[in-house]
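The number in our numbering is simply the position in the sequence shown, starting from 1, with 1292 added.
Note that CB positions come from ideal geometry on N, CA and C, so glycine has one too.
None of the values given here were measured: they were computed from a predicted structure.
These notes are about the structure you will find just below.
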Amino acid sequence: MKWILKILINAAVFVLLMQVFEGVHVSGFGAAIIAAIVLSICNVIVKPIVTILTLPITIVTLGIFLLFINTIVLSIVDAVMGSAFQIDGFWLTFLVSVILSFVNTIMESVTD
C-alpha cells in the first residue's frame, strides 16, 4: 500500500512540476504514473548499483553525491519514457530530483 501511495505522490509531483517549470513535460497523469513506476523500478535496480560504484565519492562528499545519483536515475526515466515524460537539461533534472527527494523524505517520515 505504501508503494502505491509513493507512486501516486511522485506522479502528482511530476504533474505539479510540469505546471511550475517550462522544461518539465508530461503528456498526462497516466504518463506521470508510468514515469513514477519506472522511477521506482530504477530506484530498486539501478540506484544501488550506481551507489556502490560511486561509494568513494559519496563518502568523500558526505552523501551529497547521492543527489547526483538521483539525477542520473531520473535521467534514465526520462530516456525510457521518450516524449511522454521529458525534463530539459541537467540542472532542471537535478532540481526535480532534489524536490522529489524532499517530498519522498517528508512522505517517509509521515507514513512511518
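C-alpha distance - Ile1301 paired with Ala1324, whole-angstrom precision: What you label residue 1301 is simply residue 9 of the sequence shown in a count that begins at 1. What you label residue 1324 is simply residue 32 of the sequence shown in a count that begins at 1. Cα to Cα, Ile1301 sits roughly 10 Å from Ala1324.
Thinking C-beta only, is Ser1332 closer than 9 Å to Trp1295? Along the sequence shown, read from residue 1 onward, the residue named residue 1295 stands at position 3. Along the sequence shown, read from residue 1 onward, the residue named residue 1332 stands at position 40. For Trp1295 and Ser1332, yes; Cβs fall inside 9 Å.
Please classify Ala1328: is it buried, with 16 or more other beta-carbons within 10 angstroms of its beta-carbon, or exposed? Working through the sequence shown from its first residue, we reach residue 1328 at position 36. Classification for Ala1328: buried.
In three-state DSSP terms, what is Ile1356? Reading the sequence shown from its first residue, position 64 is the one you call residue 1356. If DSSP states are grouped into helix, strand and coil, Ile1356 belongs with coil.
Does DSSP put Phe1313 in a helix, a strand or coil? For the purposes of this step, residue 1313 is identified with residue 21 of the sequence shown, where counting begins at 1. Coil at Phe1313, not helix or strand.
My guess is that Leu1366 and Ile1379 are in contact by the Cβ rule of under 8 Å, so how many angstroms apart are they, rounded? Along the sequence shown, read from residue 1 onward, the residue named residue 1366 stands at position 74. Along the sequence shown, read from residue 1 onward, the residue named residue 1379 stands at position 87. So it is a contact: roughly 7 Å between Cβ atoms.
When the Cβ atoms of the segment 1308-1322 are set against those of the segment 1369-1389, are three or more pairs found closer than 8 Å? yes
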